[in-house]
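Residue numbers (my numbering): 867 to 1214.
A virtual CB, placed ideally from N, CA and C, is assigned to each residue, including glycine.
Take a look at the structure below.
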């Protein structure tokens, strides 16, 4: 039989109200009484009812996090950053995986609202702006990562995607390719579109032709999808070619495809990825990439949500810088071709 708060009160010889005060760490309880109640709780192996406590405090001490792909190392590290800050603040995290599906995403939001979580963090959401505006019209305890919804009044943490696309073109152009190619990520990804726009614009400035490989296969940007996209590119491209991949996972798959075609990296095909996952440094040849501070983003997003619980903060957009790290998958660039690490910027 489940032990109740009434059982604890009888065992400790105090009122139910006193037990409740101890559970909620109320200051108006003597040290002697508090120790007696805590001893009773331990002896009876009492587990407080979180739902009942939430009704009393109007807080569930739970948070919802929605991510596109729990198997992606990028999202795993962002989630770790969120959890680290949440745990220190006494919050529990529930996670929904959407497989890059906007319908699953909307369903997850409804589910979390039914569970009455205290706040939401959406990482790389795939919802349309119109759907987001409808869903979050009266809800501001929301943080979004890797998407800018500042125009909807939602605090957003984004990466410097335009700068990433521009620098990727410069890095690849150093290898004197015949053309540049982009292996696209999900078509619903804002980061994907911004990277492609700046990459193709910079390539045009460098007088280099661009090829974009986009397929329905690319909804979830995995190693396999990168391999398939590179197979498609190599079927008709003139070598040498410089290839910019949506993320490191796709770049790893692209490297595998290049090897199976008997081509050389970076002489025949040079490769640049994005994210800076651990795998990027371990593959052969090692992958040139843009390192994004994933745990830091998770930390900052979670802390911002906690701050919103304490006071009415104005929405802001925080741009998190990335750092280009050149390895063996690209030709060495001159030192003056690197612009260095940009600084974090905030727009309100």
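(message) With a threshold of 8 Å on Cβ separation, who are the neighbours of residue 1078 within its own chain once the five nearest residues in sequence on each side are excluded?
(response) Apart from sequence neighbours up to five positions away, the residues of its chain that approach residue 1078 with a beta-carbon distance below 8 Å are 1047, 1048, 1050, 1062 and 1066, ordered along the chain.
(request) Give the DSSP-derived three-state secondary structure of residue 885 in the structure shown. (result) Assignment of residue 885 by DSSP, reduced to helix, strand and coil, places it in the helix class.
(request) Give the straight-line distance between the Cα atoms of residue 1195 and residue 1052, rounded to the nearest whole angstrom. (result) Taking the straight line joining both Cα atoms gives about 24 Å.
(request) Under 8 Å Cβ to Cβ from residue 1129, same chain only, skipping five residues before and after it: list those, please. (result) Excluding sequence positions up to five before and after residue 1129, its CB lies within less than 8 Å of the CB of 1100, 1105 and 1135, all in the same chain and listed in chain order.
(request) Flag this pair as yes or no: are the beta carbons of residue 1016 and residue 1177 separated by less than 7 Å? (result) Contact: no.
(message) Going by C-alpha to C-alpha distance, which of 1142, 1133 and 1091 sits closest to residue 1123?
(response) Measuring from the Cα of residue 1123, the nearest candidate turns out to be 1091.
(message) I'd like the list of long-range same chain contacts for residue 1073, defined as Cβ closer than 7 Å, with 5 residues on each side in sequence excluded.
(response) Counting only Cβ-Cβ distances below 7 Å, and skipping sequence neighbours, we find nothing.
(request) Return the first residue and the last residue of the alpha helix (DSSP H) that residue 1092 is part of. (result) It spans 1089-1100 - the alpha helix (DSSP H) in which residue 1092 sits, taken as one unbroken run.
(request) Please confirm whether residue 1217 and residue 902 have their CB atoms less than 7 Å apart. (result) Any answer about residue 1217 is impossible in this case: the structure gives the chain only from 867 up to 1214.
(request) Could you check how far apart the C-beta atoms of residue 1093 and residue 1154 are, in whole angstroms? I think they sit under 8 Å. (result) So it is not a contact: roughly 18 Å between Cβ atoms.
(request) Tell me whether residue 1150 is buried or exposed, calling it buried when 16 or more other Cβ atoms sit within 10 Å of its Cβ. (result) Result: exposed.
(message) In this structure, how does DSSP classify residue 1054 when only helix, strand and coil are distinguished?
(response) Residue 1054: coil per DSSP, three-state reduction.
(message) So, at 6 Å on beta carbons, what are the nonlocal neighbours of residue 1056 in its own chain, with the 5 sequence-adjacent residues on each side left out?
(response) Apart from the 5 residues on each side of it in sequence, residue 1056 sits with its Cβ closer than 6 Å to the Cβ of 1013 in its chain, given in chain order.
(request) Could you have a look at residue 1182 and say whether DSSP puts it in helix, strand or coil? (result) The answer is coil: DSSP assigns residue 1182 none of H, G, I, E or B.
(request) Under 7 Å Cβ to Cβ from residue 1160, same chain only, skipping five residues before and after it: list those, please. (result) Spatial neighbours of residue 1160 in its own chain (CB-CB distance under 7 Å, excluding positions within 5 residues in sequence) are listed in chain order as 940, 943, 944 and 947.
(request) Return the CA-CA distance between residue 1021 and residue 1186, expressed in angstroms with no decimal places. (result) Straight across, the Cα-Cα distance linking residue 1021 with residue 1186 is about 13 Å.
(request) Confirm, please, whether the CB-CB distance from residue 971 to residue 992 is below 7 Å. (result) Yes.
(request) Tell me whether the beta-carbon of residue 1138 lies closer than 7 Å to the beta-carbon of residue 1034. (result) Yes, the Cβ-Cβ distance between residue 1138 and residue 1034 is below 7 Å.
(message) For residue 1064 and residue 1152, I'd like the C-alpha separation in whole angstroms.
(response) Looking at the two C-alpha atoms, the distance is approximately 25 Å.
(message) For the alpha helix (DSSP H) containing residue 899, name the first residue and the last one.
(response) 897-910 is the extent of the alpha helix (DSSP H) around residue 899.
(request) For the region 1036-1045 and the region 972-986, state whether three or more C-beta atom pairs, one from each stretch, are separated by less than 8 Å. (result) Touching, no.
(request) Spell out the partners DSSP gives residue 1002 in its beta bridges. (result) Per DSSP, none; premise fails for residue 1002.
(message) Assuming the contact rule is C-beta atoms closer than 8 Å, residue 931 and residue 1001 should be a hit. Round their C-beta distance to whole Å, please.
(response) Going by Cβ atoms, the distance from residue 931 to residue 1001 rounds to 16 Å, so no, they are not a contact pair.
(request) For residue 1131, I'd like the list of residues in its chain whose CB is within less than 7 Å of its CB, leaving aside the five on either flank, ordered along the chain. (result) Result list for residue 1131: 1121, 1124, 1137, 1151 and 1195, in chain order.
(message) Which residue wins for smallest C-alpha separation from residue 880, given the options 898, 893, 869 and 891?
(response) Looking from the CA of residue 880, the closest CA among 898, 893, 869 and 891 belongs to 898.
(message) Report the start-end ranges of each alpha helix (DSSP H) in the region 970-1050 that is 4 residues or longer and not cut off at the edges.
(response) Look at the region 970-1050 and you find these whole runs of alpha helix (DSSP H), each 4 residues long or longer: 995-1001 and 1027-1039.
(request) Might you give, ordered along the chain, the residues of its own chain that have their beta carbon closer than 6 Å to the beta carbon of residue 884, omitting 5 neighbours on each side? (result) Correct list: empty, nothing qualifies.
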